[in-house]
Amino acid sequence: MNEAKETFREVNESFTIKEAIDEAKRCLNCKNPSCKKGCPIDNDIPDFIHQLSMGNMGDAMRIINEKSNLPAICGRVCPHEKQCQGHCVLYAKGKGIQIGKLERFIADFDTEMNLIREKLPQKTRGKVAVIGSGPAGLTVAGDLARQGFNVTIFEGQSEAGGVLMYGIPEYRLPKAVVTKEIQKIEALGVNFILNCLVGRDITIDQLFQQGYDAIFIGTGTALPKDLNVPGNTLRGIVQSSYLLHMVTIFNQNIVSRDAVPMHEGDRVAVIGCGNVAMDAARTAVRMGASSVTVLYHRTEADMSAIPSEYQEAVKEGVKFMWKTSTKEFLGDGDGKVTGIRAETPEGIQDLPFDCVLLAIGSRPANRIVSTTTGIEVDETGYVIVKERPYGMTTRRGVFAGGDVVHRPHTVVLAMKAAKQVAAGIAQYVDAVKLLSIE
Ligand code: SF4
Numbered sequence: 077m078n079e080a081k082e083t084f085r086e087v088n089e090s091f092t093i094k095e096a097i098d099e100a101k102r103c104l105n106c107k108n109p110s111c112k113k114g115c116p117i118d119n120d121i122p123d124f125i126h127q128l129s130m131g132n133m134g135d136a137m138r139i140i141n142e143k144s145n146l147p148a149i150c151g152r153v154c155p156h157e158k159q160c161q162g163h164c165v166l167y168a169k170g171k172g173i174q175i176g177k178l179e180r181f182i183a184d185f186d187t188e189m190n191l192i193r194e195k196l197p198q199k200t201r202g203k204v205a206v207i208g209s210g211p212a213g214l215t216v217a218g219d220l221a222r223q224g225f226n227v228t229i230f231e232g233q234s235e236a237g238g239v240l241m242y243g244i245p246e247y248r249l250p251k252a253v254v255t256k257e258i259q260k261i262e263a264l265g266v267n268f269i270l271n272c273l274v275g276r277d278i279t280i281d282q283l284f285q286q287g288y289d290a291i292f293i294g295t296g297t298a299l300p301k302d303l304n305v306p307g308n309t310l311r312g313i314v315q316s317s318y319l320l321h322m323v324t325i326f327n328q329n330i331v332s333r334d335a336v337p338m339h340e341g342d343r344v345a346v347i348g349c350g351n352v353a354m355d356a357a358r359t360a361v362r363m364g365a366s367s368v369t370v371l372y373h374r375t376e377a378d379m380s381a382i383p384s385e386y387q388e389a390v391k392e393g394v395k396f397m398w399k400t401s402t403k404e405f406l407g408d409g410d411g412k413v414t415g416i417r418a419e420t421p422e423g424i425q426d427l428p429f430d431c432v433l434l435a436i437g438s439r440p441a442n443r444i445v446s447t448t449t450g451i452e453v454d455e456t457g458y459v460i461v462k463e464r465p466y467g468m469t470t471r472r473g474v475f476a477g478g479d480v481v482h483r484p485h486t487v488v489l490a491m492k493a494a495k496q497v498a499a500g501i502a503q504y505v506d507a508v509k510l511l512s513i514e
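In the numbering used here, the protein residues as written are 77 to 514.
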């Protein structure tokens, strides 16, 4: 591994067995557990912690699996301080149980030891196509496979995982962890068809012709937004999502360092202050930027980044300029960006930069809905869904969930929505089969 790749080692360390059990023993096993209320997918937190405290790793894992298909991932990237951990009764005293780290420990232990061998039902309830293999798609697929559906995931990239694989950097979520979680979903009997982009290689109508009873769209928000100011086509202005993708495949030795759109020694600006901005900023640090500055038009209190990610970025030397709006990108005669003209609390300033990373949001691509009929989207391109059956679009049998419906959110919120849609799909397919209206 070269020096740049070495810096992408996972930042947070795992518990040892003794540390995990000791931490679990601190839990009060509250009768009315507030930690559980803070979990978007209603994980049975005190129960799995209790099993762990007694050394029953298999039972702890079984309890987690009842609610989550991706615990090794959630244990790493969920905003625990805002969710379970932040709601723990011991949190106010500064002694909150480290729930995320415990979940991660159990999931990693299970992967290593291959503890769980689930009894799976025959796949006779129906055939479901899942488009996209990010958190929403994997959740729907896992839930439906466990309930006896024959599920196939269609993924446009050469590897499954979506944003988990290509969006979240290695130091926060090692790709080996993502691959292993996906292998567990595969072990539930889910089929994966990779390098197949629905809307280009196959359409929704063709999928129905192939005999699928229902189709789930979980394609997220693939189109990053542009900043519409003068100079925005200059070379060196790059979408953060593109940088993160290229760095991931550079770390996997698929492309060379030259393919990464940021050079060692660059003075880097990041525009935006959400989690993607933090990932881009911290990635730029690891790729050898000489300085990294986040420009945000609002205040520190308004940023959407998880506080711990922001603090990590500060620790790693990322600078923040609040109430700073980009008015224009400045360039040289060769069409290369040289800086940003910004409105700051001190007035208009020209700030020198060699590379600008945009992280101002994303929206759904309309590749799928534009190549079929009957799926309505709102004025900004988000898919419109119904309450009954939960998650069905305006086209019968086609469902959607995760960011493509609810706008970009955290991994666990995409999972939460997807779990409800999986229940809606099961209900719909059962009803169709019962009434034989197909
Ligand atoms: Fe344990 Fe904290 Fe949950 Fe109580 S609130 S059950 S102490 S993790």
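Backbone N, C-alpha and C define an ideal beta-carbon position, used for all residues, glycine too.
Close Cβ partners of residue i (< 7 Å) along its chain, the five nearest in sequence each way excluded
{"i": "D426", "result": "L406, G415 and R417"}
{"i": "G312", "result": "K412, V413, D430, C431 and V432"}
{"i": "D454", "result": "I460"}
{"i": "T83", "result": "R362"}
{"i": "E392", "result": "R358 and V361"}
{"i": "A356", "result": "S316, L319, L320, V346, L433 and A435"}
{"i": "A221", "result": "V227, L264, G265 and V266"}
Residue from the options whose Cα sits closest to the Cα of residue i
{"i": "G341", "options": "F326, A360 and N327", "result": "A360"}
{"i": "P440", "options": "L220, D135, G294 and R138", "result": "G294"}
{"i": "N271", "options": "G208, G170 and A148", "result": "G208"}
{"i": "L146", "options": "Q496, L299 and K492", "result": "K492"}
{"i": "V370", "options": "V305, P300, Y247 and V346", "result": "V346"}
{"i": "K113", "options": "H163, D123, M130 and M137", "result": "H163"}
{"i": "Q198", "options": "V227, S316 and A205", "result": "V227"}
{"i": "G218", "options": "S366, L264 and T200", "result": "L264"}
{"i": "A205", "options": "L249, K399 and I278", "result": "I278"}
{"i": "P428", "options": "R443, I436 and D408", "result": "D408"}
{"i": "G238", "options": "E142, G210 and I244", "result": "G210"}
{"i": "P250", "options": "C115, A100, I325 and K107", "result": "I325"}
{"i": "I261", "options": "V216, A252, L299 and A96", "result": "V216"}
{"i": "P306", "options": "V266, H339, S438 and K403", "result": "K403"}
{"i": "G437", "options": "A100, R85 and Y372", "result": "Y372"}
{"i": "R248", "options": "V87, A212 and S110", "result": "V87"}
Contacting residues, own chain, Cβ-Cβ under 6 Å from residue i (five flanking each side not counted)
{"i": "C103", "result": "I125 and I173"}
{"i": "D281", "result": "T448"}
{"i": "A298", "result": "A441"}
{"i": "R201", "result": "G224 and F225"}
Alpha-carbon spacing of residue i relative to residue j, whole angstroms
{"i": "E257", "j": "D410", "result": "46 Å"}
{"i": "D184", "j": "I117", "result": "20 Å"}
{"i": "Q503", "j": "P465", "result": "7 Å"}
{"i": "N308", "j": "Q233", "result": "28 Å"}
{"i": "N304", "j": "K158", "result": "33 Å"}
{"i": "E514", "j": "V474", "result": "The predicted model places E514 with a pLDDT of 48, which falls under 50 and marks its position as unreliable; any figure quoted below should be read in that light. Distance between the alpha carbons of E514 and V474 is about 14 Å."}
{"i": "C154", "j": "L310", "result": "36 Å"}
{"i": "A148", "j": "Q328", "result": "20 Å"}
{"i": "E246", "j": "G457", "result": "30 Å"}
{"i": "V390", "j": "L214", "result": "33 Å"}
{"i": "T470", "j": "G224", "result": "26 Å"}
{"i": "G467", "j": "I501", "result": "8 Å"}
{"i": "A365", "j": "G478", "result": "34 Å"}
{"i": "Q259", "j": "D186", "result": "13 Å"}
{"i": "D123", "j": "V344", "result": "46 Å"}
{"i": "K495", "j": "K143", "result": "9 Å"}
{"i": "G348", "j": "L196", "result": "45 Å"}
{"i": "I229", "j": "T400", "result": "43 Å"}
{"i": "N141", "j": "A498", "result": "15 Å"}
{"i": "L489", "j": "R333", "result": "34 Å"}
{"i": "N108", "j": "L166", "result": "13 Å"}
{"i": "Q119", "j": "I93", "result": "Residue 119 is actually Asn in this sequence, not Gln. Their Cα atoms are separated by approximately 22 Å."}
{"i": "F292", "j": "P421", "result": "47 Å"}
As assigned by DSSP and simplified to three states, the class of residue i
{"i": "E376", "result": "helix"}
{"i": "R193", "result": "coil"}
{"i": "T448", "result": "coil"}
{"i": "K301", "result": "coil"}
{"i": "I93", "result": "helix"}
{"i": "Q259", "result": "helix"}
{"i": "C431", "result": "strand"}
{"i": "Q127", "result": "helix"}
{"i": "S332", "result": "coil"}
{"i": "V425", "result": "As written in the sequence, residue 425 is Gln, which differs from the Val given in the question. The answer is strand: DSSP assigns Q425 an E or B state."}
{"i": "L371", "result": "strand"}
{"i": "G415", "result": "strand"}
{"i": "I501", "result": "helix"}
Same chain, Cβ closer than 8 Å to residue i, five either side skipped, listed in chain order
{"i": "S90", "result": "K177, R180, F181 and D184"}
{"i": "R374", "result": "C349, W398 and K399"}
{"i": "S129", "result": "I97, A100, K101 and C103"}
Closer than 8 Å to chain E by CB, residue i
{"i": "N267", "result": "Chain labels in this structure do not include chain E; a single protein chain is all it has."}
message: I'd like to know if the region 280-299 and the region 376-388 are in contact, where contact means that at least 3 CB-CB pairs between them fall below 8 Å.
response: no
message: When you compare the region 132-144 with the region 186-205, are there three or more beta-carbon pairs, one atom per stretch, that lie closer than 8 Å?
response: yes
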